[in-house]
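What follows is a single structure, written as structure tokens, with notes after it.
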Ligand code: DC
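In the numbering used here, the protein residues as written are 10 to 234.
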């Protein structure tokens, strides 16, 4: 398959870029963070402490995780329930980052997303896609931006969606805490693949990033032929 991997810290705009590039370039967008968010959301809804590995692992054993597309949008089912509408909150993101340190959680997610990438041409974003999940991807991008700009983008996104959120300083602090946890964990820490392409989008508009990414996808496709 022709697969594109996008990694980078939270709030860098990976998902907006990946969604736009997917529709322009005929790829299926896979949001791997949505699976971590969904697991975290369901666990905390059922009263599981997201800092308690043994309780998480016990619940995980009989948890069914599935991904499907409806009108080109990805949906996540946990034990048959579509939780997609509940996972784009700052709280779900923080919860996802906590449980993502566990190998059992990562294995569960990787099984689902690798299966998707083996049957569709995907553009998949996350933290370890180019390094661990799809090391043979045709193109590996690392999209980042300063934490100030990322906090502002996250705030704008949460406001536009009418989701609950803290002030800019709180969001920035949470983003930095999450960056630290995602980059310093033992398993699959966030880092750029050795053969990755770095895109620092701090001073870029969304359409400029999308344009660059589409150009890189074109080049990677040409290289394959
Ligand atoms: O991309 P996101 O903000 O939806 O991801 C939420 C959290 O999930 C992120 O802080 C860390 C974790 N995650 C991960 O560990 N590996 C991935 N491939 C994707 C997300």
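Where is the CB? At the ideal position from N, CA and C, for every residue including glycine.
The shortest C-alpha to C-alpha distance from residue 214 to any of 115, 162 and 99 is the one to 162.
Taking the Cα of residue 180 as reference, the smallest distance to any Cα among 124, 197 and 98 is reached at 98. Remark: C-beta atoms of residue 105 and residue 22 do not approach each other more closely than 9 Å. DSSP places residue 106 in the uninterrupted alpha helix (DSSP H) bounded by 99-108.
Residue 147 and residue 233 do touch by the CB rule: their CB atoms are close to 6 Å apart, below 8 Å. In its chain, beyond the 5 residues on either side, 68 have a beta carbon closer than 8 Å to the beta carbon of residue 55.
Within its own chain, the residues whose Cβ lies closer than 6 Å to the Cβ of residue 190, once the five positions on either side in sequence are excluded, are 106, listed in chain order.
Contact between the region 132-151 and the region 34-41 is present: 3 or more CB-CB pairs across the two stretches fall below 8 Å. A direct Cα-to-Cα measurement between residue 217 and residue 129 gives close to 26 Å.
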